[in-house]
Each structure stands twice: as C-alpha cells, then as structure tokens.
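Just so we're aligned, residue 1 is where the sequence shown starts under UniProt numbering, counting upward by one.
Ideal Cβ positions, reconstructed from N, Cα and C, are used throughout, including at glycine.
The structure under discussion appears below in the form of structure tokens.
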Amino acid sequence: MRPSDDHRPHWLAPAIATVILLVLVATSAGGANWQLTAVVLITVAVVVALLHRLLPGSRFFSITFANAISVYACVYVSFLEARFAPTSRLIEVVAFLLPILGFALAVYLRRQGIRSVILSEHPRIETRFGRVFLWLLPVTAIGVLNFLVPLENWDVLQRGAWLLGAMSVIAMVIFFAGHSVAVFLVDTGLLFEDFYETAARLIKPAFAFLTFYSLITVVFAALYRLIDRLDGVDTFSFSGLARDIGFAESLYFSIVTLSTVGYGDIVPLTYAVRAVVAVQIVLGIILLLFGFQAVLRATRDT
Numbered sequence: 001m002r003p004s005d006d007h008r009p010h011w012l013a014p015a016i017a018t019v020i021l022l023v024l025v026a027t028s029a030g031g032a033n034w035q036l037t038a039v040v041l042i043t044v045a046v047v048v049a050l051l052h053r054l055l056p057g058s059r060f061f062s063i064t065f066a067n068a069i070s071v072y073a074c075v076y077v078s079f080l081e082a083r084f085a086p087t088s089r090l091i092e093v094v095a096f097l098l099p100i101l102g103f104a105l106a107v108y109l110r111r112q113g114i115r116s117v118i119l120s121e122h123p124r125i126e127t128r129f130g131r132v133f134l135w136l137l138p139v140t141a142i143g144v145l146n147f148l149v150p151l152e153n154w155d156v157l158q159r160g161a162w163l164l165g166a167m168s169v170i171a172m173v174i175f176f177a178g179h180s181v182a183v184f185l186v187d188t189g190l191l192f193e194d195f196y197e198t199a200a201r202l203i204k205p206a207f208a209f210l211t212f213y214s215l216i217t218v219v220f221a222a223l224y225r226l227i228d229r230l231d232g233v234d235t236f237s238f239s240g241l242a243r244d245i246g247f248a249e250s251l252y253f254s255i256v257t258l259s260t261v262g263y264g265d266i267v268p269l270t271y272a273v274r275a276v277v278a279v280q281i282v283l284g285i286i287l288l289l290f291g292f293q294a295v296l297r298a299t300r301d302t
C-alpha cells in the first residue's frame with residue numbers, strides 16, 4: 001500500500017463513520033427499549049477496548065467488529081419484533097449479549113493464533129471462505145426453527161426461556177468457531193483498508209460528478225418552475241391535483257427525474273414539460289456513463 005500524504009491516522013474516518021453507524025443502529029433498533037440501546041453501545045465499547053488490548057496492531061479489526069455488531073443488532077431486533085414480542089427486557093438484553101461474550105472469550109483463548117494472522121497483513125479469505133461460513137449453518141437452522149415453533153401461542157415466560165436457550169446455543173457455536181470468525185474479521189478489515197484507500201483516491205472524480213449532477217438538478221428545476229409560471233395552464237399534477245409547483249417541489253422533481261426513480265407523486269401534464277423531462281433523463285444517463293468511466297480511469301491510474 002502506498003503511504004498517504006496525510007499525517008492523520010488513515011483509520012480515523014472509518015472509525016468516525018462506524019461510531020455514527022453504531023449510534024444510528026442502536027437508537028433506531030432499540031426504540032423504546034433504551035436498555036438495549038445502552039447495552040449495544042457499552043458492549044461495543046468494552047469489547048473493542050478488549051480487542052485492542054489483546055490484539056495490538058489490529059487497525060481495522062475493531063472497526064470491522066463494530067460494523068458486524070451493527071448487522072447483528074439489526075437481525076436480532078428483527079427476530080424480537082417478529083417472533084418474541086412481548087418479552088422481558090432483561091431477557092432481551094441478556095440474550096443479545098450471549099453471542100458477543102462467547103466471541104470475546106474465544107478471541108481471548110485463541111489470541112496467539114489470531115495475532116499471527118494480523119501480523120501477516122495478507123488477506124486469506126479465499127482459502128478459508130467455506131470454513132469461515134460453516135458456523136452460519138447451525139445459526140441459520142436456529143433462526144429457521146424460530147419460525148417453525150408456534151411462539152405466538154406461548155406466554156411471556158416461555159418465549160423468554162426459548163430466546164435464552166436459542167441464543168445460548170448460538171453463543172456456543174460462536175465460541176467454538178470463534179477463531180474462524182475472528183480470522184474472517186481480520187481479513188475483512190484488511191480488505192476494508194484497501195477499499196478505503198482506493199475510495200480516497202476517487203474523491204476528485206466523485207466531486208466532479210456531484211458538481212455536474214447538482215448543476216443539472218438546479219438548472220432543470222429552474223426550467224420546470226419557469227415553464228409552470230409562463231404557461232397559461234397547470235403543468236404539474238400532485239397526487240391527482242393540478243396546481244402550481246413551488247421551487248422546492250421543482251428541485252425534488254428534478255432530482256427524482258434525474259435519478260429516473262419516478263415515484264409518481266408529481267406528474268408532468270403538458271407536452272412542453274414532458275419534453276424537458278425526457279431531455280433531463282437522457283442527460284442523467286449520459287452523466288452516469290461519464291461518471292462511471294471517470295471512476296474506472298482513476299482506478300486504473302492508481
């Protein structure tokens with residue numbers, strides 16, 4: 001990897017993005033259950049500190065682990081809402097912690113082998129791809145079993161006991177496969193580091209693309225607004241109601257048109273506006289092609 005001209009730690013921006021992601025996921029997934037939100041944030045902070053102490057030099061390993069916790073929290077809360085609501089909040093928190101504690105214990109007991117992989121700094125995800133994901137089979141089986149068992153007919157205590165039992169089994173699986181999971185996270189961290197350095201070199205073409213994108217958006221938004229003001233009839237329909245378009249609405253319609261999303265909440269009525277819409281769609285496609293070519297050229301040059 002080429003040395004960066006910036007003296008700031010190259011992991012700082014990904015770390016900040018990870019913290020923002022964790023706070024966003026924890027607050028949204030926890031909802032009214034503030035205990036689960038607090039547990040997610042505190043657990044990640046404690047385990048990340050433990051990983052830094054046990055595995056010095058693991059620059060992106062802790063960041064990858066924190067992102068993995070975000071995904072795990074989303075899946076866990078989805079299962080809670082779909083199959084285990086309502087359940088004791090204490091049981092929800094304890095069940096959430098079990099797999100994380102199993103992983104932390106596995107890393108502690110196998111830290112020497114994991115440390116040797118970190119020091120190598122060569123991703124070996126291809127050679128152990130099947131082995132790494134082998135532990136997902138029993139975990140997936142437990143998830144499927146939760147939809148086969150009639151949990152909706154059980155009371156709160158029974159659902160809570162089942163949740164603790166299922167997460168205990170998952171924690172045991174994570175513990176015995178902890179080395180493979182940790183090595184996979186290490187490899188993912190190394191790949192993420194390469195990806196981040198590549199993405200940093202794409203700032204110029206990305207900024208140029210966004211500049212032209214915003215320019216086209218503003219120009220066509222102004223055109224839509226002017227046509228609507230100069231035309232003698234209503235040129236846009238809003239959810240079936242024809243009326244004048246505001247400038248903020250024209251900006252929104254311009255962005256939607258340029259991205260070719262087409263929600264259908266704002267519809268052009270006259271042929272003049274439809275012709276302008278067609279031109280903007282074509283320009284948007286051309287801009288996307290040129291932007292893609294610029295990104296490829298920048299990637300090849302590096």
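Look at the Cβ atom of Phe147, then the Cβ atom of Arg83, and state whether they are nearer than 9 Å. yes
Quick one, are the C-beta atoms of Ile245 and Val276 less than 9 Å apart? no
Ala182 to Gly143, Cα distance in whole Å? 22 Å
Do the region 204 to 222 and the region 284 to 291 meet, that is, are 3 or more Cβ pairs less than 8 Å apart? yes
Using beta-carbon positions only, say whether Gly160 and Ser88 come within less than 9 Å of one another. yes
Could you say which of Val279, Leu109, Ile203 and Tyr108 lies nearest to Arg297 if we only look at CA atoms? Ile203
Since I believe Ala171 is in contact with Pro99 (beta carbons under 8 Å), could you give me their beta-carbon distance rounded to a whole number of angstroms? 5 Å
Between Glu81 and the rest of its own chain, which residues show a CB-CB distance below 7 Å, the 5 nearest in sequence each way excluded? none
Please return the same chain residues whose Cβ sits closer than 8 Å to the Cβ of Ile286, not counting the five positions on each side in sequence. none
Taking 9 Å as the threshold (C-beta atoms), are Phe238 and Ile255 in contact? no
Could you check if Ile20 is buried or exposed, using at least 16 other CB atoms within 10 Å of its CB as the buried criterion? exposed
Tell me the DSSP bridge mates of Ile266? Phe238
My assumption, with CB atoms under 8 Å, is that Asp231 sits in contact with Ala242. Please give the rounded CB distance. Not quite, the Cβ-Cβ distance comes to about 12 Å (not below 8 Å), so this is no contact.
For Leu55, does the count of other Cβ atoms within 10 angstroms reach 16, so buried, or fall short, so exposed? buried
Quick one: using the 10 Å Cβ neighbour count with 16 as the cut-off for buried, is Val282 buried or exposed? exposed
Note the first and the last residue of the continuous alpha helix (DSSP H) segment covering Ser168. Val156 to Phe176
Can you round the beta-carbon distance between Phe175 and Leu105 to whole angstroms, since I take them to be within the 8 Å contact cut? 6 Å
On the DSSP letters alone, give me the boundaries of the alpha helix (DSSP H) that Ser214 sits inside. Ile203 to Leu230
Exposed or buried, Pro205, counting other C-beta atoms within 10 Å across all chains shown (16 or more means buried)? buried
C-alpha gap between Trp154 and Ala95, whole angstroms: 18 Å
Count the other C-beta atoms from every protein chain shown that fall within 10 angstroms of the C-beta of Ser214, then say buried if there are 16 or more, exposed otherwise. exposed
Helix, strand or coil at Arg110 according to DSSP, with G and I counted as helix: coil
On the criterion of 16 or more Cβ atoms from any shown chain inside 10 Å, does Arg201 qualify as buried, or is it exposed? exposed
Unbroken beta strand (DSSP E) runs of length 3 or more, entirely within the region 41 to 78: which are they? none
Is Val261 near Tyr224, with beta carbons less than 9 Å apart? no
Could you pull the DSSP bridge partners for Arg243 from this structure? Phe236
Going by other Cβ atoms of all chains shown within 10 Å of its Cβ, with 16 needed for buried, is Leu51 buried or exposed? buried
What separation, rounded to the nearest whole angstrom, lies between the Cα atoms of Arg53 and Thr64? 16 Å
Span of the alpha helix (DSSP H) holding Asn146? Leu136 to Leu148
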